[in-house]
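Asker: Can you keep this structure in mind? I'll have questions shortly.
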Ligand code: HAM
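In the working numbering, the protein residues as written are 2 to 437.
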């Protein structure tokens, strides 16, 4: 019989790994709320035409990476990224009429039919954000600074911020012409893919990983000569803001990105190159001031980014405790089991993560289970304890054992677990209790 396996490039995340996912997701949600962003959730499936219009017909994503299907005559696509859906929702709900500036964040799965490798999957998760209604460079700088801080908190080594400006649509048209003029005499030296892109989307050639293309574009003109005064002033102001914030960055004049919607500010953040490889970006983002109008909304500027969650997890040095529970209640005999269930309920009421071992096994076997789950304390309840109205509290870290009146047991166990140098972040109710 052939074994059923997950689809190539789509991964299970098992409970042993989920703690680090939660840590990064929570840190992101907290960071975003500190900056006034609110969460938005949009569908995983959108009309195919949304991505064709927003992301661009001649991008790799739209040309070859979308999972699309036809259902009852409707063309649908599993979202390859989050910006198009957020912009669609913004226009559809006329959010601009309700607030002058909108700050949204999102987290969720995206789907691209790419060749899977380390850090590149077909289902992957993004942490992203979009701002609608603010065209100032201060907005761009603050978000880049936010990300630098977020990466600091996640202890990502070797973080590098690359920034560039693509100018407005006219500047891009001028640059496209200049680039085509430069590339045309080198057509024969380009990869077959780039020869095709020369007429469809020459800017994409700058982003090519093919060595033949990289050799040719090394001396290509940069976009900066094509920028108009407004674009230049915007970019210079962005740099002044970043300098004032003390956020290190590098101007990368040939930085273009795989999506067609960008205007003006464009940026990427890389990190942990020894783990991810030099070309692997953690975050990509930028300004897309034309998209809202292109999707039928008013002329409203926009800026955003998305980070790849799996890549962040590879890059981050943050570890989380792996213990599943704080306490195990170990009853011996049926009468004790009944009392144990009540004790378990009380412990959870006090905010402790706890399991009651209901298997009816020996003490030795229950202690092994406590150890496997990483419990700090085992509460042993046998016939003699029941008769005396006590619980035997065994502290597995301190290697102590004491008999405590049942009425005091919960308080004693809570104190022991709180005193332990374990992560309280994973025990929300305790964390709250400690702060109050
Ligand atoms: P993107 O550069 O296509 O931009 O993706 C952003 C990040 O998602 C990448 O830097 C990477 O970390 C992660 N990523 C992309 N593809 C994969 C993959 N196949 N496997 C694993 N991780 C991946 C966007 O998606 C834009 N929507 C960002 C944006 C938001 N721009 C403005 N607003």
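In this text, a Cβ means the ideal position worked out from N, Cα and C, and glycines have one as well.
Quick one: Cα of residue 132 to Cα of residue 106, how far?
Answerer: Taking the straight line joining both Cα atoms gives about 9 Å.
Asker: Which of helix, strand or coil does DSSP assign to residue 376?
Answerer: In this structure, residue 376 counts as coil in the three-state DSSP scheme.
Asker: Taking 7 Å as the limit between beta carbons, can you name the residues of its chain near residue 165, skipping five residues before and five after?
Answerer: Closer than 7 Å at Cβ, skipping near neighbours: 252, 253, 254, 256 and 267.
Asker: Counting only beta-carbon atoms, is residue 186 nearer than 9 Å to chain D?
Answerer: This model lacks chain D altogether; it includes just one protein chain.
Asker: Measuring CB to CB, does residue 248 end up less than 9 Å from residue 155?
Answerer: No, Cβ-Cβ distance for residue 248 and residue 155 is not below 9 Å.
Asker: Is the Cβ-Cβ distance between residue 448 and residue 108 less than 9 Å?
Answerer: Nothing can be reported for residue 448, as the shown portion of the chain is limited to 2 through 437.
Asker: I'd like to know whether the C-beta atoms of residue 91 and residue 224 end up nearer to each other than 9 Å.
Answerer: Result no, Cβ atoms of residue 91 and residue 224 do not sit closer than 9 Å.
Asker: Within 10 angstroms of the Cβ of residue 73, are there 16 or more other Cβ atoms? Answer buried if so, exposed if not.
Answerer: It is exposed - the Cβ of residue 73 has fewer than 16 other Cβ atoms within 10 Å.
Asker: Helix, strand or coil: which one does DSSP assign to residue 165?
Answerer: It is a strand residue.
Asker: Thinking just about the alpha-carbon of each residue, which of 227, 176 and 231 is nearest to the one in residue 205?
Answerer: The residue with the shortest Cα to Cα distance from residue 205 is 176.
Asker: So, is residue 385 buried or exposed, given that buried needs 16 or more other C-beta atoms within 10 angstroms?
Answerer: Classification of residue 385: exposed, given that the 10 Å Cβ count is below 16.
Asker: Can you list the alpha helix (DSSP H) stretches of 4 or more residues lying completely in the segment 258 to 322, in chain order?
Answerer: DSSP runs (the alpha helix (DSSP H)) wholly in the segment 258 to 322: 274 to 277, 292 to 295 and 310 to 316.
Asker: Where does residue 387 fall in DSSP's three states?
Answerer: Helix, per DSSP.
Asker: Using 8 Å as the Cβ pair cut-off and three pairs as the minimum, do the segment 318 to 326 and the segment 335 to 349 touch?
Answerer: Touching, no.
Asker: In three-state terms, what does DSSP make of residue 111?
Answerer: Residue 111: strand per DSSP, three-state reduction.
Asker: Give a single yes or no on whether residue 293 has its beta carbon closer than 8 Å to a heavy atom of the ligand HAM.
Answerer: Outside the cutoff, so no.
Asker: Helix, strand or coil: how does DSSP classify residue 424 here?
Answerer: Residue placement at residue 424 is poorly supported in this model, since its pLDDT is 46, which falls under 50; the coordinates still yield a value, given next. The answer is coil: DSSP assigns residue 424 none of H, G, I, E or B.
Asker: For residue 77, which residues does DSSP report across the bridge?
Answerer: Paired residue(s): 48 and 70.
Asker: Please list the segments of the alpha helix (DSSP H) lying wholly inside the segment 317 to 368, counting only runs of 4 or more residues, in order along the chain.
Answerer: Qualifying alpha helix (DSSP H) stretches, in chain order: 335 to 350.
Asker: Sorry if obvious, but does the Cβ on residue 256 come closer than 8 Å to a heavy atom of the ligand HAM?
Answerer: Not under cutoff, so the answer is no.
Asker: What are the boundary residues of the beta strand (DSSP E) that residue 201 is part of?
Answerer: First-last for residue 201: 193 to 201, but that is the alpha helix (DSSP H), not the beta strand (DSSP E).
Asker: At a threshold of 8 Å, does residue 11 count as lining the ligand HAM (C-beta to nearest heavy atom)?
Answerer: Not so, every heavy atom of the ligand HAM lies at least 8 Å from the Cβ.
Asker: Give the secondary structure of residue 65 by DSSP, where H, G and I count as helix, E and B as strand, and everything else as coil.
Answerer: Helix at residue 65.
Asker: Go through its chain and collect everything with a Cβ distance to residue 122's Cβ below 6 Å, but skip five positions before and after it.
Answerer: Hits under 6 Å: 10.
Asker: Can you look up residue 408 in the DSSP assignment and give me helix, strand or coil?
Answerer: Of the three classes helix, strand and coil, the one that applies to residue 408 here is helix, per DSSP.
Asker: Residue 186 to residue 210, Cα distance in whole Å?
Answerer: Computed Cα separation, rounded: 20 Å.
Asker: So, helix, strand or coil for residue 135, using DSSP?
Answerer: If DSSP states are grouped into helix, strand and coil, residue 135 belongs with coil.
Asker: If you check the beta carbons only, do residue 362 and residue 354 fall under 9 Å apart?
Answerer: No, the pair does not count as a contact, with Cβ atoms beyond the cut-off.
Asker: Any heavy atom of the ligand HAM inside 8 Å of the beta-carbon of residue 122?
Answerer: Yes, the beta carbon of residue 122 sits closer than 8 Å to at least one heavy atom of the ligand HAM.
Asker: Below 8 Å on the Cβ atoms is my guess for residue 142 versus residue 228; work out the distance and round it to an integer in Å.
Answerer: No, residue 142 and residue 228 are not in contact; Cβ-Cβ is about 18 Å, not under 8 Å.
Asker: Quick one, which of 87, 147 and 414 has its alpha-carbon nearest residue 41's?
Answerer: Measuring from the Cα of residue 41, the nearest candidate turns out to be 87.
Asker: I'd like the span of the alpha helix (DSSP H) that includes residue 181, first residue to last.
Answerer: Per DSSP, residue 181 belongs to the alpha helix (DSSP H) from 170 to 184.
Asker: By Cβ distance, which residues of its chain are closer than 8 Å to residue 59, with the 5 residues on each side in sequence left out?
Answerer: So the list reads 198, 201, 202, 205 and 261, once near-sequence residues are dropped.
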